[in-house]
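Colleague: Before we start, here is the structure in question, set down as structure tokens.
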Ligand code: TXA
Ligand code: MG
């Protein structure tokens, strides 16, 4: 199968494929997704196969009209409604008990479903023209970094899927914030994203960040979100987080110099790294820039044959928490202290 690249103007062609039960690469504001008719078990099976994804890891269902939410879930609590009003369309996925409109395979065997109304105009057009909710995990092969451009997705999926719609680079660069509800007033963040705990707090009385967001689960722990238990986002190179300021980071890296050793640093570290003769790649200064560039830089460093990547990590508040969450998984929870 040749994978066809479609332009954003050809969204109707992609929607026709979706209606026929085919699976298609879809740009969203977070990362590229691999979309298929959420109600079509064969399409969903094809998504799992193309990604090489474990069958117990559920897919997010995407809608492009608020009215399409109610049929998917048994009930929409007032807090969920309020969050939708504030954050949809946008990078927020809400998990609620599902109806039988969502096949068991789409839900990874769970009795819940995560629903998201993406903000990207091309995603919205594809979903509207398809006329059905679209199940879409991130468009990478299972375990590799999420694709933030159509070219990244092609690199993973060439020959495995019929088409990818090219909607340019993703604005956020990290996947949506995933939340569940502990009760009518408490939101639990299972995966941090561009909708931050601080922002959720402006609508929800209580916001809890699940312990699995930053910590490694001990074997046997019951996970609230199956995705948490898999090693994620990992490039081929070994990734390590190095805590400490620029000076300590550089001193540490000087001791680690060897072929294939790279540093992934903030823009503001570059001059000092250059002076010290450290092979460094920048991924931004603000949390938002780092989020947008993170997965792309990991892929780039893999292409350059990196063997080890030492990373300056952002703080764990705001969007920084989303970056740190991906980083610590890419790093297999290895955090080094430089001083
Ligand atoms: O931004 C995004 O969310 C992207 C774009 C394409 O929309 N999609 C995405 O999907 O990141 P995926 O499948 O790569 O990640 C979904 C995560 C997984 O960790 C999964 O375990 C969790 O959300 N998840 C999905 N449905 C769930 C459910 N019913 N209960 C618990 N966790 C769920
Ligand atoms: Mg994913």
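Numbering (the numbering used here), first residue to last: 1182 to 1520.
Ideal Cβ placement from N, Cα and C applies to all residues, glycine included.
This structure is a prediction, so every number in the text was calculated from the model and none was measured.
(1) Output needed for residue 1309: all residues of its chain with C-beta closer than 6 Å, excluding positions within five of it in sequence on either side, in chain order.
(2) With a threshold of 16 other CB atoms inside 10 Å of the CB of residue 1394, please say whether the residue is buried or exposed.
(3) Hey, how far is the Cα of residue 1290 from the Cα of residue 1236?
(4) Would you mind reading off the limits of the beta strand (DSSP E) that contains residue 1221?
(5) Quick test of the definition: if touching needs 3 or more C-beta pairs under 8 Å, does the segment 1481 to 1492 touch the segment 1425 to 1438?
(6) Is the distance from the Cβ of residue 1500 to the Cβ of residue 1474 below 8 Å?
(7) Is residue 1442 helix, strand or coil when you go by DSSP?
(8) Do the segment 1200 to 1216 and the segment 1343 to 1362 meet, that is, are 3 or more Cβ pairs less than 8 Å apart?
(9) Return the bridge partner residues of residue 1185 from the DSSP annotation.
(10) Helix, strand or coil for residue 1517 per DSSP?
(11) Considering only C-alpha positions, which residue in the set 1204, 1401, 1241 and 1369 is nearest to residue 1230?
(12) Which of helix, strand or coil does DSSP assign to residue 1404?
(13) Any chance the CB of residue 1243 is under 7 Å from a heavy atom of the ligand TXA?
(14) With DSSP collapsed to three states, give me the class of residue 1428.
(15) Can you find a heavy atom of the ligand TXA that lies under 7 Å from the Cβ of residue 1405?
(16) Under 7 Å Cβ to Cβ from residue 1334, same chain only, skipping five residues before and after it: list those, please.
Modeller: Judging by the given coordinates:
(1) 1245
(2) Residue 1394 is buried by the Cβ-count criterion.
(3) Each residue's alpha carbon lies about 8 Å from the other.
(4) No beta strand (DSSP E) contains residue 1221, which DSSP labels as neither H nor E.
(5) Cβ pair count under 8 Å is three or more, so yes.
(6) no
(7) strand
(8) Short answer: they touch.
(9) 1344
(10) If DSSP states are grouped into helix, strand and coil, residue 1517 belongs with the strands.
(11) 1204
(12) In this structure, residue 1404 counts as coil in the three-state DSSP scheme.
(13) yes
(14) Helix, per DSSP.
(15) yes
(16) Closer than 7 Å at Cβ, skipping near neighbours: 1206, 1213, 1320, 1328 and 1345.
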